[in-house]
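Residue numbers (this note's numbering): -2 to 77.
Beta carbons are placed, not taken as given, at the ideal position from N, Cα and C, and that holds for glycine.
Note that the structure is predicted; figures quoted are calculated from it, not measured.
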């Protein structure tokens, strides 16, 4: 998709994590959106992995999952 088409997209929140095969694509996508004039909030969380956001409760609960969820909720409160 060219930048003219990307410029039609709404404000965007992108979350990336260190250990994710899609991490680099997330950075590239955020950069392309910004270059196209789209308002982008890109949050990168270090030392965690793809899917860690789903570990919100139970035996394998992760503090980083709550941190990511809180960040998403804050973005939505500020932008909706």
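query	result
Bridge partners - residue 39, DSSP secondary structure assignment	11
Alpha carbon of residue 44 to alpha carbon of residue 30, nearest angstrom	25 Å
As assigned by DSSP and simplified to three states, the class of residue 57	coil
Meets three-Cβ-pair contact criterion under 8 Å: the segment 36 to 51 and the segment -1 to 19	yes
Beta-bridge partners of residue 46, as assigned by DSSP	16
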